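S.K.: Everything in the sequence shown is counted per the numbering used here, starting at 94 for the first residue and increasing by one. From the three backbone atoms N, C-alpha and C, an ideal C-beta is built for every residue, glycine too. Being a predicted model, the structure only gives us computed values, none of them experimental.
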Amino acid sequence: MNKFIIILVVLSCIGCVKNNQEDTRTKKVAQTDIAKKTTISKNDSPYTLMLKIDTTDKNEESLVVSIDLYDKSYFVSPHSNGNFLGRFKLSLEKTKHLTMKDSIIEFPKSLESLNPWGDGKVNFVKRNTTYTQKLTIDSQEDFEVTGLIKFVIEPHCTMEKIKFVILQRSGVLSVEKRQRSTHFGIFSDMVCDVANAGKKR
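(1) Would you give the residue range spanned by the beta strand (DSSP E) that glutamine 261 belongs to?
(2) Inspect the beta-carbon positions of isoleucine 246 and leucine 156 and report whether they are closer than 8 angstroms.
(3) Could you check the C-alpha separation between lysine 243 and phenylalanine 217 for me, to the nearest Å?
(4) Just the Cα atoms here: how many angstroms apart are aspartate 231 and proline 209?
(5) I believe leucine 183 touches tyrosine 224 by the beta-carbon criterion, under 8 angstroms. Please report the beta-carbon distance rounded to the nearest angstrom.
(6) Give the DSSP-derived three-state secondary structure of glycine 240 in the structure shown.
(7) Could you please give the first and the last residue of the uninterrupted beta strand (DSSP E) stretch that includes glutamate 269?
(8) Quick check on histidine 190: buried or exposed, where buried means 16 or more other Cβ atoms within 10 Å of its Cβ?
(9) Which value, in whole angstroms, describes the spacing of the CA atoms of tyrosine 140 and serine 166?
(10) So arginine 180 and proline 201 are supposed to be a Cβ contact under 8 angstroms. How far apart are they, rounded?
(11) For phenylalanine 277, count neighbouring Cβ atoms within 10 angstroms of its own Cβ and tell me buried if that reaches 16, exposed if not.
(12) State the DSSP-derived secondary structure class of leucine 204, mapped to helix, strand or coil.
(13) Quick one: is leucine 207 buried, meaning 16 or more other Cβ sit within 10 Å of its Cβ, or exposed?
(14) Using the Cα positions of arginine 271 and asparagine 174, report the straight-line distance between them to the nearest angstrom.
(15) My understanding is that isoleucine 146 touches serine 267, with C-beta atoms under 8 angstroms, so please give their C-beta distance in whole angstroms.
(16) In chain order, what residues of the same chain have a beta carbon less than 7 angstroms from the beta carbon of glutamate 154, not counting five sequence neighbours either side?
(17) Is methionine 193 near the ligand SAM, in the sense that its beta carbon is under 7 angstroms from a heavy atom of that ligand?
(18) Apply the 10 Å Cβ neighbour rule to leucine 204 and answer buried if 16 or more other Cβ atoms are within range, or exposed otherwise.
(19) What is the rounded straight-line gap between the Cα of phenylalanine 236 and the Cα of glutamate 199?
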């Protein structure tokens, strides 16, 4: 009888230990899931921008700019007709080492719509988009060439400036993002909010 009681007590203890371990594991998993969700959903910026160098089978080099947009953000495509000061623009410093070849390629292509700020039409970029700029490399030497990407992100109405550098080291081309800055209120003479497109100043 005593043996039977001892066996029951031992089994109960083992069960309690297992339950405690499972509770601890469950809590840890739950905490990890919450942390993951918080990290993924938290994004204070209206967009993210990534740069890379792409090399084709024919050894042609291109600078690739990928932009992911959040919270209904958008900007004016570089292929928009008309004089838009805040349109997307990519530029490189003048150098003998490399040049930009052909016009920049946008994928997917933005759709033309009525211009809320005036007459005519405009191409707004409202979805995740990739820009590809072909490059002609004119040097075998090591070099660094600085570049700049500028555009106004809506509806925040801020001028975004991303400085970067294209490097060649031992014949290998790469790109590094150096600095991102945001400038407020520099277009006081233009309407940035589409909802208030009829108002100026």
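M.R.: Once the coordinates are examined:
(1) 251-262
(2) no
(3) 15 angstroms
(4) 43 angstroms
(5) 7 angstroms
(6) strand
(7) 265-277
(8) buried
(9) 7 angstroms
(10) About 17 angstroms separates the two Cβ atoms, so there is no contact after all.
(11) exposed
(12) strand
(13) exposed
(14) 30 angstroms
(15) 6 angstroms
(16) Ile146, Thr148, Leu228, Ile230, Leu266
(17) Looking at this structure, you won't find the ligand SAM or any other ligand, since it has none at all.
(18) exposed
(19) 27 angstroms
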